[in-house]
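See structure below.
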Amino acid sequence: MAAANSATLRKKVQLLLKKAVSGLSTPSFRASTSDPGKLFELTALGFLLQTAKGKGANVSVTNTQGGALHFAGSPSAADRKHHTFFTIQWPNDPLSHEAWISVEVQTLSESISCPVNSTPKLTFGSVHEIDVGLFEPGVNGHPTHEQLHLGATCKHTPFKKWQLREALGLRRETAYVLNRPVNSLAPWFSPLVSADPASPLIFFSSDLRCLNYKAPVDALGLYVNYLRFPI
């Protein structure tokens, strides 16, 4: 991406987040947040924050560091001291989420293999990155799959079917699949989800061809969404 186009796109993503967050002046990103793939993740984040806000939620931000938003540039733990995250709070409702970028989640297989009442000894295969994750408030380090309220994987590349297979694997590692829908942990996005925990998982793609694959994977709580990019 040419430097001028990258700078223009960064500004558009910054404005997208500004519209979504109450009281946020036009934010800046650290210099390394210019990769198109990372900017696509932030666009997906902005889409989710705006969707929640449009349905009545209050959205606030933590760790702006003088107006600059600091996100992990690679798979990371939830770092409450240094990384920016957002809180989605619903008035007169106990439901709330924290929105993070690039946080690695402890997998379902890790929880199955870990003895009861013991501390997980995390290995490379014990955690998987959630590009955009909405978690229960207060998460720190590597959240468990049970603390995930909504997850998203983001692909700003030509659509390939293997990407959907990868997303299905992430679905399997974040929830048991049910044969019936239950009340969602993010009902403002999808009221019912056939998974336990009932966390919707979204596959965001900038390639329209992804829409050919919306069904039947939605029956598993995996939702294929086209997201126009560059915005």
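The working numbering applies: residue 4 is where the sequence shown begins, and numbers increase by one. The beta carbon of each residue, even a glycine, is placed where N, CA and C say it ideally should be.
| Check | Outcome |
| --- | --- |
| Sequence-distant residues of its chain with Cβ nearer than 7 angstroms to V142 (five each side left out) | A81, E101 and Q150 |
| L125 to G224 span [Cα, whole Å] | 26 angstroms |
| Candidates H86, T90, K15 and K56, of which the one nearest Q1 by Cα | In the structure displayed, the chain extends from 4 to 234; residue 1 sits before or after that span and is not available. |
| Where the beta strand (DSSP E) through W103 begins and ends | S99 to Q109 |
| Whether V108 touches H145 by CB criterion (9 angstroms) | yes |
| Secondary structure of V142, DSSP reduced to three states | coil |
| Pick from F207, L188, D221 and C213 that is closest to N182, judged by C-alpha positions | D221 |
| Residue closest to F50, alpha-carbon to alpha-carbon, out of K217, L195, L12 and F207 | F207 |
| Proximity to N215 [Cα-Cα], best of G136, F88, A170 and N228 | N228 |
| Residue interval of the alpha helix (DSSP H) (run including L188) | Premise fails: L188 is in no alpha helix (DSSP H) and is neither H nor E. |
| Every unbroken beta strand (DSSP E) inside the stretch 27-91 [3 residues or more] | 61-65 |
| Counterpart residues of E132 in DSSP-defined beta bridges | E107 |
| Beta-ladder partner(s) of D221, from DSSP | Note: D221 sits in no beta bridge, so no partner. |
| Ordered list of beta strand (DSSP E) runs contained in the stretch 141-170, each at least 3 residues | 151-158 |
| Endpoints, beta strand (DSSP E) assigned at S199 | The displayed chain sequence assigns Asp, not Ser, to residue 199. Run containing D199: L195 to D199, per the beta strand (DSSP E) assignment. |
| Nonlocal neighbours in the same chain, by C-beta distance under 7 angstroms from N186, ignoring five residues either side | L195 and A201 |
| Helix, strand or coil at N8 [DSSP, three-state] | helix |
| Supposed contact pair A178 and T156 - C-beta distance, whole angstroms, cut 8 angstroms | At roughly 14 angstroms, the Cβ-Cβ gap does not stay under 8 angstroms, so T156 and A178 are not in contact. |
| Buried versus exposed, by CB contacts within 10 Å (16 or more), I133 | buried |
| Exposure of F127, with buried meaning 16 or more beta-carbon neighbours within 10 Å | exposed |
| Identity of the residues DSSP links to I205 by a beta bridge | A155 and Y226 |
| Per-residue DSSP class, three states only, for L3 | This structure gives no information on residue 3, because the portion of the chain shown stretches from 4 to 234. |
| Status (buried if at least 16 other CB within 10 Å, exposed otherwise) for A7 | With a pLDDT of only 47 at A7, under the threshold of 50, the placement of this residue in the model should not be trusted; the figure read from the coordinates follows. Exposed. |
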